[in-house]
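In order, the protein sequence lines correspond to chains C and Y.
Take the first sequence: its letter number 408 is residue 408 in the UniProt record's numbering, and every next letter is one higher.
Take the second sequence: its letter number 478 is residue 478 in the UniProt record's numbering, and every next letter is one higher.
We treat Cβ as the ideally placed atom computed from N, Cα and C, and that holds for glycine.
Working notes for the structure below.
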Amino acid sequence: MNNVLKTSINNVYKLFAENSITPLDVTEASLSHIEHFSKYNAFITVSKNLVENQAIQSERRYKDSKPLSELDGIPIAVKDNFCTQNIATTCASKMLENFKPTYDATVVQKLKQSGAIIMGKTNLDQFAMGSGTVDSIYGPAKNVWGYKSDSDFHIVGGSSGGSALAVATGMCYGAIGSDTGGSTRNPASYCGIVGLKPTYGLVSRYGLIPLVNSMDVPGILSRTVDDCVSILNTVAGFDSKDSTSLTKPYRKIRLPDARKMTVKGLKVGIPQEYFNEHLSTEVYEAWNEIANLLENNGAVVKQISLPNTEHSIVCYSILNQCEVASNMARYNGIQFGFRANENESTEKLFATTRSLGFNEVVRNRILTGNYFLLTRNYDKYFNKALKVRRLIANDFHAAWEKVQILLTPTTLTTAPFYSDFCKKTNRDQCAVQDYCTQPANMAGVPAISIPVKLSKTGLPISIQLIGRNLSEPMLLAVAKYLENIVRFPHYVENL
Amino acid sequence: MALSLKRLLLNDQKLLVKRYSQATKNNKKWKSVVGLEVHAQIASKSKLFSGAPTKFSNPVNTNVSLFDMATPGTLPVLNKRCVEAGVLTALALNCQVNPVSYFDRKHYFYADLPAGYQITQQRLPLAVNGALEFHVFTPEIHKKPYKTSARIKQLQLEQDSGKSLHDFDRSLVDLNRAGISLMELVFEPDLSDGEEAAALIKELIAIFQRIETCSCKMEEGALRVDANVSIHKENEPLGIRTEIKNIGSVRGVVGAVNYEIKRQIAIKESNGVVVNETRAWNFEKKITVPMRDKEILQDYRYMPEPNLPPLQVSMGPITGGQVYVDQIKENIPELPEKCRQRLQTDMGLSTEQSIIIVNDVDLMKLFENALYARSINPVKFANFLINDLYKALNERKLEIHQLHIEPKYFGEILELVSQGLITRNVASMVLNELLQGNIRSPLEIVEEKNWKQITDEKELEKICQAILQENPKGVTQYLNGKVKVFKAFLGGVANKTDNRADMKKVETILKKILSELRNKK
Numbered sequence: 001m002n003n004v005l006k007t008s009i010n011n012v013y014k015l016f017a018e019n020s021i022t023p024l025d026v027t028e029a030s031l032s033h034i035e036h037f038s039k040y041n042a043f044i045t046v047s048k049n050l051v052e053n054q055a056i057q058s059e060r061r062y063k064d065s066k067p068l069s070e071l072d073g074i075p076i077a078v079k080d081n082f083c084t085q086n087i088a089t090t091c092a093s094k095m096l097e098n099f100k101p102t103y104d105a106t107v108v109q110k111l112k113q114s115g116a117i118i119m120g121k122t123n124l125d126q127f128a129m130g131s132g133t134v135d136s137i138y139g140p141a142k143n144v145w146g147y148k149s150d151s152d153f154h155i156v157g158g159s160s161g162g163s164a165l166a167v168a169t170g171m172c173y174g175a176i177g178s179d180t181g182g183s184t185r186n187p188a189s190y191c192g193i194v195g196l197k198p199t200y201g202l203v204s205r206y207g208l209i210p211l212v213n214s215m216d217v218p219g220i221l222s223r224t225v226d227d228c229v230s231i232l233n234t235v236a237g238f239d240s241k242d243s244t245s246l247t248k249p250y251r252k253i254r255l256p257d258a259r260k261m262t263v264k265g266l267k268v269g270i271p272q273e274y275f276n277e278h279l280s281t282e283v284y285e286a287w288n289e290i291a292n293l294l295e296n297n298g299a300v301v302k303q304i305s306l307p308n309t310e311h312s313i314v315c316y317s318i319l320n321q322c323e324v325a326s327n328m329a330r331y332n333g334i335q336f337g338f339r340a341n342e343n344e345s346t347e348k349l350f351a352t353t354r355s356l357g358f359n360e361v362v363r364n365r366i367l368t369g370n371y372f373l374l375t376r377n378y379d380k381y382f383n384k385a386l387k388v389r390r391l392i393a394n395d396f397h398a399a400w401e402k403v404q405i406l407l408t409p410t411t412l413t414t415a416p417f418y419s420d421f422c423k424k425t426n427r428d429q430c431a432v433q434d435y436c437t438q439p440a441n442m443a444g445v446p447a448i449s450i451p452v453k454l455s456k457t458g459l460p461i462s463i464q465l466i467g468r469n470l471s472e473p474m475l476l477a478v479a480k481y482l483e484n485i486v487r488f489p490h491y492v493e494n495l
Numbered sequence: 001m002a003l004s005l006k007r008l009l010l011n012d013q014k015l016l017v018k019r020y021s022q023a024t025k026n027n028k029k030w031k032s033v034v035g036l037e038v039h040a041q042i043a044s045k046s047k048l049f050s051g052a053p054t055k056f057s058n059p060v061n062t063n064v065s066l067f068d069m070a071t072p073g074t075l076p077v078l079n080k081r082c083v084e085a086g087v088l089t090a091l092a093l094n095c096q097v098n099p100v101s102y103f104d105r106k107h108y109f110y111a112d113l114p115a116g117y118q119i120t121q122q123r124l125p126l127a128v129n130g131a132l133e134f135h136v137f138t139p140e141i142h143k144k145p146y147k148t149s150a151r152i153k154q155l156q157l158e159q160d161s162g163k164s165l166h167d168f169d170r171s172l173v174d175l176n177r178a179g180i181s182l183m184e185l186v187f188e189p190d191l192s193d194g195e196e197a198a199a200l201i202k203e204l205i206a207i208f209q210r211i212e213t214c215s216c217k218m219e220e221g222a223l224r225v226d227a228n229v230s231i232h233k234e235n236e237p238l239g240i241r242t243e244i245k246n247i248g249s250v251r252g253v254v255g256a257v258n259y260e261i262k263r264q265i266a267i268k269e270s271n272g273v274v275v276n277e278t279r280a281w282n283f284e285k286k287i288t289v290p291m292r293d294k295e296i297l298q299d300y301r302y303m304p305e306p307n308l309p310p311l312q313v314s315m316g317p318i319t320g321g322q323v324y325v326d327q328i329k330e331n332i333p334e335l336p337e338k339c340r341q342r343l344q345t346d347m348g349l350s351t352e353q354s355i356i357i358v359n360d361v362d363l364m365k366l367f368e369n370a371l372y373a374r375s376i377n378p379v380k381f382a383n384f385l386i387n388d389l390y391k392a393l394n395e396r397k398l399e400i401h402q403l404h405i406e407p408k409y410f411g412e413i414l415e416l417v418s419q420g421l422i423t424r425n426v427a428s429m430v431l432n433e434l435l436q437g438n439i440r441s442p443l444e445i446v447e448e449k450n451w452k453q454i455t456d457e458k459e460l461e462k463i464c465q466a467i468l469q470e471n472p473k474g475v476t477q478y479l480n481g482k483v484k485v486f487k488a489f490l491g492g493v494a495n496k497t498d499n500r501a502d503m504k505k506v507e508t509i510l511k512k513i514l515s516e517l518r519n520k521k
């Protein structure tokens, strides 16, 4: 039964359709798998009671030969910053530890409507502020790759680390993450799976507890590009509840067989600025190998420049902290979530609730964000950051004049040791971890991370492809093409 | 040490003397400057960014959607109806509508502001540069109405906050109001006193009720006024202003502004300093009091609202916006000032009459419906409404919209008067019958009550003779030159006939009899 957990969504769908196995079988296998891997801390909540009922209903649909979609009966995990009706949605924080939303995020609703089984809610950095899945009140998620002991392990990356881990280990076939500066692609890279950050506005943010509204997108984590397409086809499209969602009708993506694809004539850009002092030799070499691979197969690979890349991190940091300061203002203990035991005055209730409910990272960002937003500082920081953001977006626009797709590393290194990672502050870590991923969020363009090989020490190395707005079909096609050639040894294959 | 202290004291004294002499020399009058900010709730079924209803009478915390209580993950969706109402209002106030405007977050912590920020339009509002012309007419103060105007700096859309209810040991929050759409209108300080401020508000109300963008029910908080007041002397720079917040009635606007002007004059006359502060109007004590104001030094940390795209409005060749200005323009109904002019030029009403009728939207409706139902002399009818109807309503503490009188009956009453079938006084009595719920027509009432005018001269002469005979003393006085008693004779006849006598004829007859008496003498 475990074998079926390793395969692709499309295969499982076929097995369901021909009644070789049932959704209940798979769901139960998934549950026991989650149990088996529980020490890695991928899940915050497993919705055990709900999933069996969902699986039984799915089973009935297959018996009637009326599955809702190719995701019917497929176990999927959701990052714990998407609202789920009657299931706790904690953002890995004390502030929302007791928060049970009364509604489903649009992404969750669409998954449910397509018959997918929502297995539970996955671990993250508090309010998605981080790049390691280490700042969670439920403890850090631990990478299965290179795991030795509970004191000697690698991080999974973040902030959607729980989702990445769940997919990499076969607890589920796909997972929803969120991506503001790389939070989907970064853990995908460290866990050796596919991570897609769609075009801003392609997938509804309704129900995603925001980090930076103008950059947040729901992300998709899966083991194969085809699985990623199946999930994207389900969750993408206009949503009237999200005024920033794109109104253009979404056309489902259908990718051909990888062997029938060619990259002949594809113009690939290598942005020189992504060659950074922190870039490890192994990642650099992998990047080079893929560039050569594409060139050898007929692609036109050229070096290009995105001159404002170096400003991206500091610019992102300002915008991030400003929006965080604003978005977090609602957590005051009155309407929902944690409330401190404090009755002296309303102001004191607010203050105590917020200082107890948020961790230091969140509190720091709120404080700095509010400083940047002061009338006397607004032009100096926020406004200037907005201008720099436009320059960064313009860099991409200029690039599309020359090339169709950009090839970069996803992360500068393989997954760091937890002990090393924690030596630096959250702020410093984000600056390094998000270096390659975060400019795409500034510009709103789609990007995908795919694993290409293992390092000498057996850790996944990934590359990133970036395309222009709404170029997901091309981006995913190239990813699938590469995936088929590199034949990355997935973790589940060793189970 | 002692020396310097003495010098200081001396200096102070000198200063004091100098100030005094200035105050006595400077006899110029104080000028007051008043500017208003108006918050008007848009009369829409649902809130500005959510589908929650806005009905005032609904139970506490039932008009609340997930978004209104700032549930994490929820997003604002702009209500098109509110934008239309905003644009319509802007056009009615001669504003320039911005083809693109933005929403911003204004941050402050308050228990009834669930998100910790209010979505408003700080950088670029929906409309700017308007002007409103209006009549100032307070019969007990102004002999004649006069026209003045105030410029409108901007009109912006924003969310209303919830309400906090403070008990002795706890505070309760009602979010029914949270997120209701407000239009904030910022007027330039072009007014000079409470009467002008109130007149401006009255004109706004007349316009809003005509275009139906705000219910203007001030008792429900649908229209709230903030007033900025300062005083200075001619050719001197403007004084330091104070702001009176949340005035909830037209009478409150007059009272608060005039009180504040007097208060500031009193301070300055006694060489005090007016401080820039926020005050509240205590309508029971009729004074303004300083508000315990935590906001005065607050930095609102404005930030663009990232969840809403720019608000685009189509006009002329610009298309693709959420609403189309030109279409809204076409559907603007006749505005109050135009209506007043029509009543004056087409119907011959006086300025005063037209102001009174048009400023009361229900009275105006009644006026038009009655005229439509039956042809009446509009001037006489206006008089009848302003004098008789208003008086009767006042006595009964009724509002016009509570009346259930068929419009055509008003015309019928006036017709009965003009035909000479009833007297002017009886007309008022018939109206009272109708107000009391008599469902018969005026003619039926007159017949039923036997209220027809007595015009038969012989009959009238008999009555006149009788009245004079009853009052021989009066007759003697009259004949001796005390003409004043004539009025008593008239009153006697009116009384005796229950107001039914044709008083013109009575006057002639009485004079005739009396002159005959004089001749006999």
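- PHE56(Y) carries a coil assignment under DSSP once its states are collapsed to helix, strand and coil.
- Comparing C-alpha distances from LEU175(Y) to each of LYS143(Y), LEU132(Y), SER50(Y) shows the shortest one belongs to SER50(Y).
- If you draw a straight line from the Cα of ARG61(C) to the Cα of SER69(C), it comes to about 10 Å.
- Between MET291(Y) and ASN359(Y), the alpha-carbon positions lie close to 33 Å from each other.
- Taking CB atoms only, LEU470(C) has no neighbour in chain Y less than 9 Å away.
- For PHE168(Y), no chain C residue has a C-beta closer than 8 Å to its own C-beta; the minimum C-beta separation is roughly 13 Å.
- The beta carbon of LEU15(C) sits closer than 8 Å to the beta carbons of VAL4, ILE21 from its chain, once the five residues preceding and following it are set aside; these are given in chain order.
- Excluding five sequence positions before and after ALA415(C), the CB atoms of its chain that fall closer than 6 Å to its own CB belong to ASN143, HIS154, ILE155, TYR190, LEU459, given in chain order.
- By the C-beta density criterion, GLY357(C) is buried, having at least 16 other C-beta atoms within 10 angstroms.
- Inclusion of ILE466(C) and LEU476(C) in the CB contact set at 9 Å is not warranted, their separation being larger than that value.
- Residues are counted here when their Cβ sits less than 8 Å from a Cβ of chain Y; for the region 234-245 of chain C these are SER240, LYS241, ASP242, SER243, THR244, given in chain order.
- Counting only runs that start and end inside the region 415-477 of chain C, the alpha helix (DSSP H) elements of at least 4 residues fall at 418-421, 426-433, 438-443.
- A Cβ-Cβ separation of about 18 Å leaves ILE247(Y) out of contact with ASN276(Y) under the 8 Å criterion.
- When C-beta distances to chain C are compared with 8 Å, the residues of the region 61-94 of chain Y below that value are LEU66, MET69, ALA70, THR71, PRO72, GLY73, THR74, LEU75, PRO76, VAL77, LEU78, in chain order.
- If the five residues before and after GLY420(Y) are omitted, its C-beta is found closer than 8 Å to the C-beta atoms of GLN453, THR455, ASP502, all from its own chain and listed in chain order.
- When DSSP states are grouped into helix, strand and coil, GLY130(Y) belongs to the strand group.
- Relative to GLU282(C), the option among THR90(C), TYR435(C), LYS402(C), THR457(C) whose CA is nearest is THR457(C).
- The Cβ atoms of GLY174(C) and LEU124(C) do not sit closer than 9 Å to each other.
- Assignment of GLY411(Y) by DSSP, reduced to helix, strand and coil, places it in the helix class.
- Identification of residues in the region 266-284 of chain Y having a C-beta nearer than 7 Å to some C-beta of chain C yields an empty set.
- As for any alpha helix (DSSP H) of minimum length 4 sitting wholly inside the region 339-378 of chain C, the runs are 346-357, 360-373, ordered along the chain.
- Within the region 77-109 of chain C, the residues whose Cβ lies closer than 9 Å to some Cβ of chain Y are ASN81, PHE82, CYS83, THR89, CYS91, LEU96, PHE99, PRO101, THR102, TYR103, ALA105, listed in chain order.
- Of all C-beta pairs linking the region 80-96 of chain Y to the region 53-72 of chain Y, fewer than three are shorter than 8 Å, placing the two stretches out of contact.
- Contact fails between the region 139-158 of chain Y and the region 210-221 of chain Y, because fewer than three Cβ pairs, one in each stretch, are under 8 Å apart.
- Taken through DSSP and simplified to helix, strand or coil, LYS482(Y) comes out as coil.
- Rounded to whole angstroms, ASP179(C) and ASN320(C) show a C-alpha spacing of 13 Å.
- Inter-segment contact for the region 18-36 of chain C and the region 248-262 of chain C is absent: fewer than three beta-carbon pairs are separated by less than 8 Å.
- Looking at the DSSP output, MET315(Y) sits in a beta bridge with ILE318(Y).
- For the region 340-358 of chain C, the residues whose beta carbon sits under 8 Å from a beta carbon of chain Y are, in order, THR346, GLU347, PHE350.
- The C-beta distance from PRO99(Y) to GLN353(Y) rounds to 42 Å, too long to meet the 8 Å contact threshold.
- Per DSSP, the unbroken alpha helix (DSSP H) holding GLN321(C) starts and ends at 309-327.
- The Cβ atoms of SER462(C) and THR413(C) lie no closer than 9 Å to each other.
- In the DSSP assignment, ALA77(C) falls within the beta strand (DSSP E) that extends over 75-79.
- In the three-state scheme derived from DSSP, where H, G and I count as helix and E and B as strand, GLY51(Y) is classed as coil.
- As a beta-bridge residue in DSSP terms, TYR146(Y) pairs with VAL136(Y).
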